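Note sheet for the following structure.
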Amino acid sequence: MQVYTTIRELREALEEKRREGKRIGLVPTMGFLHAGHASLLERARRESDTVVLSIFVNPTQFGPNEDLDRYPRDPEGDLRLARDNGVDYVFMPEPSEMYPRPSATGIAVSGITSVLCGASRPGHFDGVALVVSKLFHIVKPHRAYFGMKDAQQVAVITRMVEDLNLDVEIVPCPIVREDSGLALSSRNVYLSDEEKRQALVLSESLSRSPIWLQEAGGDALALQKQIAEHIAKTPLADIDYVQVLTYPDLERPTTAAAAKSAWIIALAVRFGKTRLIDNRLLSLEELALAAPPIPQGTKGV
Ligand code: AMP
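For any residue, its number in the numbering used here is found by taking its place in the sequence shown, counting from 1, and adding 89.
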């Protein structure tokens, strides 16, 4: 495994791999790696000849009052996990390498960034789109792996790739959870034991959602209200948003019976100073189960 801190060295190494016809897989991260990141690396390892892991706490995606300065870091642990997961190249640039001067060029994906985390964290997705597009230009991967833990990010990157005809395949990977149900996140280290215990209300609400949707006759807003009320009963939970939207377009859904695309139940809730996000997709099949259409000819019987 090689570790590079400069764009030039990484490019040279990858140039050779490309000449040899190797398939390159990229896993972009901000480090403090856990089993969620490892699952992306495993998938990349299975599907690529050369696996590139980037570790970069990207300043442009943090707002002025967010946790950039205290974002957890553990370069040695990260390199161990990378080695254990068969990474070929680790790219760990300093901010000055990625941004020798402030970028005059920006990338803004509109529409789908005006809701959920885009609404709560202004400019966040502009920063994400900028750094991911820089990484795509630096690495030129055939495939790039992203976790559905950040489902809106997957929607934004996929849309950017489509709109700009970028030659990379985006591979969404399932959310990895602790046995308790808590979605793994680098930010979980901020949680006290009690906050962590109470944070289970997120995954628990998501698991109960299909039943609640059924009870609500397939009504998205009623489901949303039910989840918000349930989470609000948890003393340490401070809700940022609870939203049920279509996925990946992130629009207001009508009813489950009329659904033409999957839905996402997206949650952002603060426990103390820590803002956690979690989500669950409801496929068309699950939506149909939650609100079976009334069979023709039986209406009113
Ligand atoms: P981060 O380091 O938090 O920016 O995450 C880097 C990548 O790992 C993103 O694509 C995340 O969606 C993904 N990721 C983070 N946590 C998880 C998780 N629990 N399960 C699956 N993917 C994850």
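Yeah, the Cβ is synthetic: ideal placement off N, Cα and C, and Gly gets one too. Only a predicted model underlies this, so the values are computations on that prediction, with no experimental measurement involved.
With DSSP as the reference, please indicate the residues paired to T363 in a beta bridge. F360
Where in the segment 191–254 do unbroken runs of the alpha helix (DSSP H), each at least 4 residues long, occur, reported from the N-terminal end onward? 205–209, 213–228, 240–252
For G389, count neighbouring C-beta atoms within 10 Å of its own C-beta (all shown protein chains included) and say buried if the count is 16 or more, exposed if not. Residue confidence for G389 is low, a pLDDT of 47 falling below 50, so the modelled location carries little weight; the figure read from the coordinates is stated next. With fewer than 16 other Cβ atoms within 10 Å, it is exposed.
Give me every residue whose Cβ sits closer than 6 Å to any heavy atom of the ligand AMP, in chain order. T118, M119, G125, H126, S128, L129, F235, G236, K238, D239, C262, I264, V265, A272, L273, S274, S275
Which value, in whole angstroms, describes the spacing of the CA atoms of L376 and E109? 46 Å
Pull up the distance between the alpha-carbon of Q150 and that of M119, whole angstroms please. 11 Å
Which full runs of the beta strand (DSSP E) of 3+ residues lie inside the segment 137–201, going along the chain? 139–144, 178–180
As a quick exercise: from E293, P153, L224, V243, pick the residue whose alpha carbon is nearest that of S269. E293
Assigned exposure category for G207 - 16 Cβ within 10 Å defines buried: buried
Residue from W352, G236, P191 whose Cα sits closest to the Cα of L295: W352
Using a Cβ-Cβ cut-off of 9 Å, state whether G166 counts as contacting chain B. Although the question refers to chain B, the structure presented lacks it and comprises just one protein chain.
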